[in-house]
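The structure appears right after this line, and notes come after that.
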Amino acid sequence: MKVEDVNRCQIQEWYPKFKSSSIKTLIHELPEPFVRYLLDDAGPFLLPLSISNDDALPNRVHNPDEEADFIAPDAGDPDDESEDPGPPPSFPDLEATIKSSIETLGGAAFPKLNWSSPKDSAWISPTGDLKCKNFSDIALLLKSSDSIVHDLCHAYDSCSDSHPHSARRPSKVFLALRKWYPSFRPDMEFRCFVRFKVLVGICQREVTNFYPALLEKKGDLGSAISEFFEGNVREGFECASYTFDVYVTRDGRVKLVDFNPWGGPTLPLLFDWEELDGLSGDSGLEFRVVENRCAIRPCLKTAVPYDYLDTSSGSGWDQFFRNAGEELRKQIGQDHLKEQQSSDEDGNSDIEETWRYDQLISEDDMLICTFFSHFLFNGLPWTE
């Protein structure tokens, strides 16, 4: 994968050429202060001050009588060393532009930067999806997304011609507002794999669900997508190998959704990249769907924040697991000591006991038990 291939997959690069075959989209260049705001994680999480008083997280219940319980007794205490986070940032010009665009798109849109949409942060939205009605909704999703951070900081990490000291982010950052369709059906979105200008694979985009109807429609869907590729994409897109996503409407029309580079951070979904690298036009088109409920593939990578997934040495989860394991071992040891003392007092010291609590619960078992007990009580925010 080359830098040039990655750049060609930016929506501001390909959309003008494929506008007639794609979803209605309005694209705006983001000002540098807003980009810095998205990347700033030094202070508290603050949403921009809205000039229209729109709130991405409105209060569901307002009870003034209970607010007094949370007011500090003396806000002016000179010994209070907490730092004032200051006023929230404000981007009135950008907000006005976005408001106008959302109105043009029918009152709702979903956001996307150069390459990625913030699907991994959909769980934080009040509606649980990417539907945005105002600037605050968009800021919340973008600010909470690891996928967006990847666009801004790691877009070229997988490029073979990217040098350590070369730019790690695009020269310009764009926000694409795409029309929101309430009738959108996730079972009708597909990822297509093109290798050396040949369509070698297709699979359903939403692999976390089983859609029985797809088994019956595979033949017709494959023909429609192949025809769309030959007539609209093959000669129009410059890369030799890449992926593209399409949506098939109820009346059988195929709409282009996105382009992604071949390999790297692009998810192969029901394939793997080693397998795809071995496919060619001679082997025919491989069309895959989830064929039963046992084949569903929940995707942790894009379902929860990376903080939840990082269990590497030194990470927050790693330290949490170690502390929890040590605490449990201490507790088991204390319980064993108490029982041993009780046995001595009862004259049963001659009874041999083989307490090996350090082997009863292995480290791996400890990690698994602790991890799932956490999510048992806090919930797992599955998205996609």
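Using UniProt numbering, the letters of the sequence shown map in sequence onto residues 1 to 384. Cβ atoms here follow ideal geometry from the backbone N, Cα and C, with glycine treated the same way.
* Asked: Helix or strand or just coil, what does DSSP make of P261?
  -> Counting from 1 along the sequence shown, the entry for residue 261 is found at position 261. Of the three classes helix, strand and coil, the one that applies to P261 here is strand, per DSSP.
* **Which of helix, strand or coil DSSP assigns to I98** => In the sequence shown, residue 98 corresponds to position 98, counting from 1. It is helical.
* Asked: By Cβ distance below 8 Å, which residues in the same chain neighbour C153 in space, the five residues on each side in sequence not counted?
  -> Looking up residue 153 in the sequence shown gives position 153. Within the same chain, C153 has close Cβ partners L39, R168 and R169.
* Asked: Alpha carbon to alpha carbon, what distance is there between P92 and N260?
  -> The count along the sequence shown starts at 1 and reaches residue 260 at position 260. The count along the sequence shown starts at 1 and reaches residue 92 at position 92. The straight-line gap from Cα to Cα measures roughly 32 Å.
* Asked: Does the region 232-248 come close enough to the region 184-201 that 3 or more CB-CB pairs lie under 8 Å?
  -> yes
* Note down the Cα distance separating W180 from G325, rounded to an integer number of angstroms. => Stepping through the sequence shown from its first residue, residue 180 is reached at position 180. Stepping through the sequence shown from its first residue, residue 325 is reached at position 325. Approximately 47 Å, taken between the alpha carbons.
* Look up S22 in the DSSP assignment and say whether it is helix, strand or coil. => On the sequence shown, residue 22 is found 22 positions in, with the first residue counted as 1. Looking at S22 - three-state DSSP - the assignment turns out to be strand.
* Asked: Which residues bound the beta strand (DSSP E) around D41?
  -> By 1-based counting over the sequence shown, the position of residue 41 is 41. Segment: none, D41 is in no beta strand (DSSP E) and carries neither H nor E.
* To do: Please work out which residues of its chain come closer than 6 Å, Cβ to Cβ, to F18, disregarding the five sequence neighbours upstream and downstream, and give them in chain order.
  => Walking along the sequence shown from the start, residue 18 turns up at place 18. Cβ neighbours of F18 beyond the five flanking positions: L256.
* Asked: If we ignore side chains and look at the alpha-carbon of each, how far apart do K217 and D120 end up?
  -> As a first step, residue 217 must be located in the sequence shown, where it is residue number 217. As a first step, residue 120 must be located in the sequence shown, where it is residue number 120. Roughly 29 Å between the two C-alpha positions.
* What are the boundary residues of the alpha helix (DSSP H) that G201 is part of? -> In the sequence shown, the residue the question calls residue 201 occupies position 201. Run containing G201: none in the alpha helix (DSSP H); it sits in the beta strand (DSSP E), V198 to Q204.
* To do: Determine the burial state of E235: buried for a count of at least 16 other Cβ atoms within 10 Å of its Cβ, exposed for fewer.
  => In the sequence shown, the residue the question calls residue 235 occupies position 235. E235 is exposed by the Cβ-count criterion.
* What does a CB cutoff of less than 6 Å around I361 pick up in its chain, not counting 5 residues either side in sequence? -> As a position in the sequence shown, residue 361 is number 361, starting the count at 1. Reliability of the predicted coordinates at I361 is poor, the pLDDT of 44 falling under 50, and the value obtained from them is presented with this limitation in mind. Nothing listed; no residue qualifies.
* Asked: Closest by CA to W262, which one among V254, L276 and G252?
  -> Residue 262 sits at position 262 when you count from the first residue of the sequence shown. Of V254, L276 and G252, the residue nearest in Cα terms is L276.
* Using the Cα positions of E384 and C239, report the straight-line distance between them to the nearest angstrom. => The sequence position of residue 384 within the sequence shown is 384, counting from 1. The sequence position of residue 239 within the sequence shown is 239, counting from 1. Unreliable positioning characterises E384 in this predicted model, as indicated by a pLDDT of 38, which lies under 50. The coordinate reading is nonetheless provided below. Cα to Cα, the separation comes out at about 27 Å.
* Asked: Is H154 helix, strand or coil by DSSP?
  -> The residue given as residue 154 occupies position 154 in the sequence shown. It is coil, neither helix nor strand.
* Whether L177 touches I98 by CB criterion (8 Å) -> Numbered from 1 along the sequence shown, position 177 holds the residue referred to as residue 177. Numbered from 1 along the sequence shown, position 98 holds the residue referred to as residue 98. In this structure, I98 lies closer than 8 Å to L177 by Cβ.
* In terms of alpha-carbon separation, which member of G222, Y211 and T25 lies closest to L285? -> To locate residue 285, count along the sequence shown from 1; it is residue 285. That would be G222, whose Cα lies nearest to the Cα of L285.
* Asked: If you run the structure through DSSP and keep just helix, strand and coil, what is P89?
  -> Residue mapping note: residue 89 aligns to position 89 of the sequence shown, counting from 1. In the structure shown, P89 sits in coil (DSSP, three-state: anything other than H, G, I, E or B).
* To the nearest angstrom, report how far apart T25 and D161 are at their CA atoms. => Taking the first residue of the sequence shown as 1, we reach residue 25 at position 25. Taking the first residue of the sequence shown as 1, we reach residue 161 at position 161. Rounded to whole angstroms, T25 to D161 spans 31 Å at the Cα level.
* Asked: Looking at C-alpha atoms only, which residue of F271, Y242, R288 and P44 is the closest neighbour of P89?
  -> Taking the sequence shown and counting its residues from 1, the one referred to as residue 89 is at position 89. Ranking the options by Cα distance to P89, first place goes to P44.
* **For L177, the three-state DSSP class (helix, strand or coil)** => What you label residue 177 is simply residue 177 of the sequence shown in a count that begins at 1. It is a strand residue.
* **Beta-carbon contacts of L270 that lie in its chain and below 8 Å, excluding the five residues immediately before and after** => Reading the sequence shown from its first residue, position 270 is the one you call residue 270. So the list reads C203, Q204, V207, R288, V289, V290 and R297, once near-sequence residues are dropped.
* To do: Give the DSSP bridge partners of I27, in chain order.
  => Sequence index remark: in the sequence shown, residue 27 carries index 27 (1-based). In the DSSP output, where bridge partners are listed per residue, I27 has A176.
* To do: Identify the continuous beta strand (DSSP E) that holds F135 and give its terminal residues.
  => Reading the sequence shown from its first residue, position 135 is the one you call residue 135. It is not in any beta strand (DSSP E) - F135 instead sits in the alpha helix (DSSP H) that spans F135 to K143.
* the ligand ADP heavy atom lying under 7 Å from the CB of D258 -> Here there are no bound small molecules, and the ligand ADP is not part of this structure.
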